[in-house]
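> Protein sequences, first through last, are from chains A and B. When you line the first sequence up against the numbering used here, it's residues 77 to 543, in that order. When you line the second sequence up against the numbering used here, it's residues 77 to 543, in that order. Below you will find the structure I want to go over with you.
There are 2 protein chains.
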Amino acid sequence: MSEERGMAVVGAGLVGSLMALLLANRGHKVDVYERRSDPRKVGDAAGRSINLALSERGWRALEVAGAVDAVRSIAMPVKARCMHALDGKLTYQPYGLAGKGRFGHDQSIYSVARGPLNRILMEAAEATGRVNVHFEHPLSDFRSHPEGLDLSFATGHTVRHQRLFGTDGAFSAVRQRMMKKDRFDFSQSYLDHGYKEVAMPPTASGDFAIDPEALHIWPRGHFMLMALPNPDKTFTCTLFAPYEGAQGFSEIPDAAAARSYFEMHFPDVLDLVPDFDRDWTENPTSSLVMTRCAPWHQGDRVVLMGDAAHAIVPFYGQGMNSGFEDARVMADLLDAHNGSPQKESWPALLSDFTRLRKENGDAIGDLALRNFVEMRDRTGDPRFLLQKRIERRLTDRHPSIWKPLYSMVTFSHLPYSDALAFGRIQDGIMSEVMDRDDIAEAWDSEAVEHHALQLAAERLPTYAQPS
Amino acid sequence: MSEERGMAVVGAGLVGSLMALLLANRGHKVDVYERRSDPRKVGDAAGRSINLALSERGWRALEVAGAVDAVRSIAMPVKARCMHALDGKLTYQPYGLAGKGRFGHDQSIYSVARGPLNRILMEAAEATGRVNVHFEHPLSDFRSHPEGLDLSFATGHTVRHQRLFGTDGAFSAVRQRMMKKDRFDFSQSYLDHGYKEVAMPPTASGDFAIDPEALHIWPRGHFMLMALPNPDKTFTCTLFAPYEGAQGFSEIPDAAAARSYFEMHFPDVLDLVPDFDRDWTENPTSSLVMTRCAPWHQGDRVVLMGDAAHAIVPFYGQGMNSGFEDARVMADLLDAHNGSPQKESWPALLSDFTRLRKENGDAIGDLALRNFVEMRDRTGDPRFLLQKRIERRLTDRHPSIWKPLYSMVTFSHLPYSDALAFGRIQDGIMSEVMDRDDIAEAWDSEAVEHHALQLAAERLPTYAQPS
């Protein structure tokens, strides 16, 4: 009863579409199975997207796939964080170095909307003539045989494939099947915080309501508001707050309460969100989950990537980028076998993938969680802003010695696990430097600089050049 | 289509049968649903039991349920650890204090076989006339409505209940359904070690082949053999070894290799296991999993207990005891409402249960893992044995100040989380005491004793009396 096919990709989201394209570029016939309907027919789901921030790791993967030009047309450069204090004062922190970014620009991250990006990747995959996307095909199970892997679907179909790439997101059905096998480690943990989105439309004159080249943050300690620009000149504003307790969602029962909440904590926002009451009422309060698992592969046939392998919180803007990097590394492993590994090469290839990627998935998960604390809490702290200024000066004057953690993560291809390890060493150094008695007055002195460089020389001996 | 009933227990294992009995004793009608067949008709599964060690927490729960006498008839006291060195030398460590145990005996743990114990509890529950056990009823789903909870089964039945006690073990179907809901934390992690059992029959004269009042350990660093007595005068011998690497199962491909392995590492055992080759070949190599989750309840209708809430590794002999303690604490919470809480009391009761038990489930999980390292590795270490002698002397002379961690866990009702915290403080104290220059010669001196007591007075100020 079963047909036989080569490569299966389960999940036609961003990482699945990119992986299908990368496989097709290497000559493979690919079937992509997606449980949802074709978004080109039914439209995108709204109200729980969190805009996506595309950065260097993502661009490189798109480059390998030949999709940079198409994506560039929908990507908006975001050059700085803009912090909004309670009194309305704005503080800017550029993300990267002037003139060192892609396309001859400054180092920036790029705001992209999920729907259009997904469509570009899916259509690029289909345009190869080797990729078939099967919508409304929820995976119900798979079974491995010596001759192949039988995928069965809620539709009643069973199809035999040789390999399965599981790219079906944080609640992956592929991973759920792997969990039933012996000796598969898994964890899911939810943040005490949830989020809700409201939309900030363009002004009456058709312009962005606030600076479109910045990611806006209203840091308020244990909660915060964020806003990211969209190409249609709207901003998506996202409130991150605890479910329970002070300033939590449980204390905001309705739109009227939300309005007072915003008046108290984000007074410069409310006037810019005319449909506040409707958005607040209609948009869901969504949870934030982190998942980990090991191994990422099963035998020589099944492998997880992207959110299916490592769902992370969105606070480093690396969810998509780390998933794209997974796909790029997989493409590199395939290329080591001229794109088409022999049957006997697959066990080693897949276990190499787990070995290369698992610790990096864990590291970006840790980094994203720690960036949440930094964004909501520390970006409003004068001492933290002073520390950032010192680090920035070190970077400007000694770029080969002092790379900001944010740059290692966002503008380099250094493994995330190395970035995390170096970041921890830098934290230790900066905490000693910030303890100097003269730090408030002499933050830009030679003495402070010398102190930091000396500690860096001692403790960062194997400091890798991000390539 | 659905009938309506009160209490549902899913899983007719040890904790489920005990919980059903405790509910029935409080006047409730209980339906127990079990996916397996009636063990009284089909016999018990063999080859992957690990004998059970019943200790104080378990006895107290049985006492509350009125089942002590029945269980006592199948329980064998085990008074000491007996360590087997490679040269055949035996070292004994008593588990507890002389004359301070149950039934007028010394403090002991009790070896019981799972099958008979399960039968005793199930039949005691049925004998109340209020408990119906439905075998071959695998739970497929449950749904909460304002009026009740609809349980559906693979048999096609749907039954409405008011409460559901999920006692269906480490791979709990109840928990799997809870995982699909928002904001339920879960982790499963496997040890790198697995285990395999072989049986040591009675001698030709019908006697136990080795000392039946001891738990036998052959500690060999990163692997070990254990043996626990059974009432039929056999011993169940269990090899715990890593799956991969040196001395791992992957290096023991067949019975002949296993025979050389035992000859090299456990030379005093092989002659006592006549059916070694058959047992080795037929018994599976089983994995060891730990699970955690939070919360243990859902709304006011569903609650997890035992392995379903906190599967742990077997190295503290507390898997069953902690599950029984869950059931006893639940009975206490019910008794606070005269056994039958009003509808409106259930939300608080179930969240109290999570609050009271979750941290203790985590703590016994940590304790069990750490005891694995101690049993396989440190019980062969002369320095560790010296430390244990010093601690024992402290306990003998100052029983209200120095309680061995093992006693707090095994012979008291102190919350596991307190036992773990006190144990860590004691570790710190003993590591300082063991660093004394005079420790090897003067371990039983007043000076050493005074040093330890002084540190204990400083650091254990809130040392609770285990009750």
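Beta carbons are placed, not taken as given, at the ideal position from N, Cα and C, and that holds for glycine. Since we're looking at a predicted model, the values are computed, not measured.
Using alpha carbons as the reference points, say which of HIS298/B, LEU410/B, GLU450/B lies closest to PHE325/B.
HIS298/B
> Out of VAL485/A, VAL274/A, THR234/A, state which residue places its alpha-carbon closest to the alpha-carbon of SER398/A.
VAL485/A
> I'd like to know whether the C-beta of PHE338/A is nearer than 8 Å to at least one C-beta of chain B.
no
> Tell me whether MET77/B sits in a helix, a strand or coil according to DSSP, three-state version.
With a pLDDT of 39 at MET77/B, under the threshold of 50, the predicted position of this residue should be treated as unreliable, though the coordinate-derived value follows. MET77/B: coil per DSSP, three-state reduction.
> The beta strand (DSSP E) that contains PHE229/B, what's its start and end?
224-229
> Run the CB neighbour count on LEU225/A, radius 10 Å, all protein chains shown included, and call it buried at 16 or more, exposed below.
With a threshold of 16 other beta carbon atoms within 10 Å, LEU225/A meets it and is buried.
> Starting from ASP258/A, find everything on chain B with Cβ-Cβ shorter than 8 Å and list it in chain order.
Against ASP258/A, the close residues of chain B are TYR266, SER363, in the order they occur along the chain (beta-carbon pairs closer than 8 Å).
> As a quick exercise: from ARG116/A, HIS413/A, GLY245/A, PRO491/A, pick the residue whose alpha carbon is nearest that of ALA384/A.
Checked all of ARG116/A, HIS413/A, GLY245/A, PRO491/A; the closest Cα to ALA384/A is GLY245/A.
> Tell me whether the stretch 210-218 of chain A and the stretch 161-169 of chain A touch, counting them as touching only if at least three CB pairs, one residue from each stretch, are closer than 8 Å.
no
> Pairs of beta-carbons, one from the stretch 313-325 of chain A and one from the stretch 253-270 of chain A, closer than 8 Å: are there three or more?
yes
> Report the partner residues of TRP294/B according to the DSSP bridge assignment.
Looking at the DSSP assignment, TRP294/B forms a beta bridge with LEU301/B.
> According to DSSP, SER265/B sits in a beta bridge with which residue or residues?
MET366/B
> In the structure shown, what three-state DSSP assignment does VAL524/A receive?
helix
> Can you tell me where the alpha helix (DSSP H) with SER149/A in it begins and where it stops?
Note, SER149/A: premise wrong, no alpha helix (DSSP H); not H, not E.
> Which partner residues does ASN359/B have in the DSSP bridge list?
Answer is none; ASN359/B lacks a bridge partner.
> Name the chain B residues whose beta carbon is nearer than 7 Å to that of ASP261/A?
GLN264, SER265, TYR266
> Cα separation between PRO423/A and LYS256/A?
So the alpha carbons of these two residues sit roughly 20 Å apart.
> According to DSSP, what are the bridge partners of ASN208/A?
ASP107/A, per the DSSP bridge assignment.
> For ASP217/A, write down the residues that DSSP places opposite it in a beta bridge.
SER228/A
> Give the range of the beta strand (DSSP E) segment to which ALA156/A is assigned.
156-160
> Going by DSSP, name the residue or residues bridged to SER187/B.
ALA129/B, MET152/B
> Below 8 Å between beta carbons: does that hold for SER184/A and GLY393/A?
no
> Whether or not the stretch 525-536 of chain A and the stretch 363-382 of chain B are in contact is what I'm after, with contact meaning three or more pairs of Cβ atoms, one per stretch, closer than 8 Å; do they touch?
no
> Just how far apart, CA to CA, sit ALA407/B and PHE448/A?
42 Å
> Let me know the secondary structure DSSP gives HIS474/A once reduced to three states.
The three-state reading of DSSP puts HIS474/A in coil, since its state is none of H, G, I, E or B.
> Give the range of the alpha helix (DSSP H) segment to which ALA100/A is assigned.
90-101
> Compute the beta-carbon to beta-carbon distance between LEU291/B and VAL108/B, rounded to the nearest angstrom, for a pair I have assumed lies under 8 Å.
VAL108/B and LEU291/B do not touch by the CB rule: their CB atoms are close to 32 Å apart, not below 8 Å.
> Give the single residue among GLU401/A, THR243/A, HIS210/A, PHE247/A whose Cα lies nearest to the Cα of VAL235/A.
HIS210/A
> Beta carbon of HIS489/A, beta carbon of LEU529/A: below 8 Å?
No Cβ-Cβ contact shorter than 8 Å links HIS489/A with LEU529/A.
> Return the chain-ordered list of same chain residues with a C-beta closer than 6 Å to the C-beta of GLN238/A, the five sequence neighbours on each side being excluded.
Same-chain partners within the cutoff: GLY82, GLY224.
> Return the chain-ordered ranges of every beta strand (DSSP E) run that is complete within the stretch 373-448 of chain B and spans a minimum of 3 residues.
378-380
> Use the C-beta contact count for ARG354/A: other C-beta atoms within 10 angstroms, 16 or more gives buried, fewer gives exposed.
Exposed, by the Cβ-count rule.
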